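Student: Those letters in the sequence shown? Residues 352 to 563, by this note's numbering.
One structure follows; several queries about it will come next.
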Amino acid sequence: MKPVFGKPTKDQLAVAEAVVRDHFADKIASGVFDDWSSQIGRTLSRPLSTLPAPLAMKRYKYPRQRFNALLALRTRDRGVLTRRGVINLLAFALVVDALITPTIPQPVRNDYMIALLGQRFMRREVYSRTVNRYRSRREKTGVIRYGPNGPEELTRLIEEEVPTKEYCRIRRSDLRYLGRQVWKTLEKTLLAGGRDGTEWRALMDRVRQRLA
Numbered sequence: 352m353k354p355v356f357g358k359p360t361k362d363q364l365a366v367a368e369a370v371v372r373d374h375f376a377d378k379i380a381s382g383v384f385d386d387w388s389s390q391i392g393r394t395l396s397r398p399l400s401t402l403p404a405p406l407a408m409k410r411y412k413y414p415r416q417r418f419n420a421l422l423a424l425r426t427r428d429r430g431v432l433t434r435r436g437v438i439n440l441l442a443f444a445l446v447v448d449a450l451i452t453p454t455i456p457q458p459v460r461n462d463y464m465i466a467l468l469g470q471r472f473m474r475r476e477v478y479s480r481t482v483n484r485y486r487s488r489r490e491k492t493g494v495i496r497y498g499p500n501g502p503e504e505l506t507r508l509i510e511e512e513v514p515t516k517e518y519c520r521i522r523r524s525d526l527r528y529l530g531r532q533v534w535k536t537l538e539k540t541l542l543a544g545g546r547d548g549t550e551w552r553a554l555m556d557r558v559r560q561r562l563a
């Protein structure tokens with residue numbers, strides 16, 4: 352899952368985060384940004400009741416079917432999005448779109464930032480749990496019985512509880528789908544026009560100027 356065309360450095364992310372905070376300074380001061388962040392956080396979080404067992408996840412073939420379960424998994428592991436989380440997501444998308452995306456040839460250019468945004472929002476990892484299952488096995492008793500067929504060693508049936516690990520690996524297609532949904536939510540709530548809008552272009556220009 353390493354980005355093919357590169358990923359932002361810590362310095363670039365720090366500059367992008369400063370640009371985002373500066374751009375939305377009045378919104379942050381007035382409290383509107385917190386309302387937006389909580390709205391995005393509610394949109395991208397799910398209760399744990401929507402998280403099925405790992406083996407049950409494999410029944411869902413398409414990312415759209417797995418979306419709620421993945422969001423519940425993220426909510427369980429890393430909490431809901433706060434203001435800082437929204438600013439970090441915006442800064443990450445901004446620096447990728449401003450500095451890395453222009454160097455990528457088409458047709459993969461438009462989807463690169465979205466794919467990285469999904470990776471940023473939720474890492475590709477193994478979702479697992481351990482459950483106890485019952486297993487039957489036969490064990491020799493050491494007692495010899497002599498019958499018409501000759502000597503036989505007696506056995507007994509033992510039922511035992513065995514911890515079993517179930518797991519399901521999150522897929523690349525899941526992360527791409529997550530990235531699209533994250534970007535749509537950010538675009539709808541914060542950015543008029545999305546990547547083609549004047550607001551996003553102004554943010555990218557400011558990042559390039561500060562890093563020039």
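Backbone N, C-alpha and C define an ideal beta-carbon position, used for all residues, glycine too.
Fair warning: this is a prediction, and the values are worked out from it, not measured in the lab.
I need the DSSP call for residue 400, collapsed to helix, strand or coil.
Tutor: Position 49 of the sequence shown, counted from the start, is the residue given in the question as residue 400. Helix.
Student: Restricting to runs no shorter than 3 residues, where is the beta strand (DSSP E) found entirely within the stretch 359–387?
Tutor: none
Student: Closer than 7 angstroms by C-beta to residue 430: which residues in its own chain qualify, once you throw out the five before and the five after it? Chain order, please.
Tutor: One-based indexing of the sequence shown puts residue 430 at position 79. Result list for residue 430: empty, nothing under 7 angstroms.
Student: Flag this pair as yes or no: are the beta carbons of residue 526 and residue 478 separated by less than 8 angstroms?
Tutor: Walking along the sequence shown from the start, residue 526 turns up at place 175. Walking along the sequence shown from the start, residue 478 turns up at place 127. No, Cβ-Cβ distance for residue 526 and residue 478 is not below 8 angstroms.
Student: Reducing DSSP to helix, strand and coil, say where residue 510 ends up.
Tutor: Walking along the sequence shown from the start, residue 510 turns up at place 159. Three-state DSSP puts residue 510 in a strand.
Student: Evaluate residue 463 with the Cβ neighbour count: other Cβ atoms within 10 Å of its Cβ, from every protein chain shown; 16 or more gives buried, anything less gives exposed.
Tutor: Position 112 of the sequence shown, counting from 1, holds the residue named residue 463. Answer is buried; the Cβ neighbour count reaches 16.
Student: Are residue 443 and residue 488 closer than 8 angstroms when you measure CB to CB?
Tutor: For this step, residue 443 is matched to residue 92 along the sequence shown. For this step, residue 488 is matched to residue 137 along the sequence shown. Taking 8 angstroms as the cut-off, the beta carbon of residue 443 is found no closer than this to the beta carbon of residue 488.
Student: Since residue 374 and residue 542 are thought to touch, with beta carbons under 8 angstroms apart, how far apart are those beta carbons, to the nearest angstrom?
Tutor: Here residue 374 is taken as the residue at index 23 of the sequence shown, counted from 1. Here residue 542 is taken as the residue at index 191 of the sequence shown, counted from 1. Not really, about 10 angstroms apart at Cβ, beyond 8 angstroms.
Student: Residue 419 bridges to which residues according to DSSP?
Tutor: Taking the first residue of the sequence shown as 1, we reach residue 419 at position 68. Per DSSP, none; premise fails for residue 419.
Student: My output table needs one value for residue 412: the three-state DSSP class, helix, strand or coil.
Tutor: Here residue 412 refers to the residue found at position 61 of the sequence shown. Coil at residue 412, not helix or strand.
Student: Whole-angstrom Cβ separation of residue 421 and residue 529, contact assumed at under 8 angstroms?
Tutor: Within the sequence shown, residue 421 is the residue found at index 70, counting from 1. Within the sequence shown, residue 529 is the residue found at index 178, counting from 1. 6 angstroms between Cβ atoms; contact.
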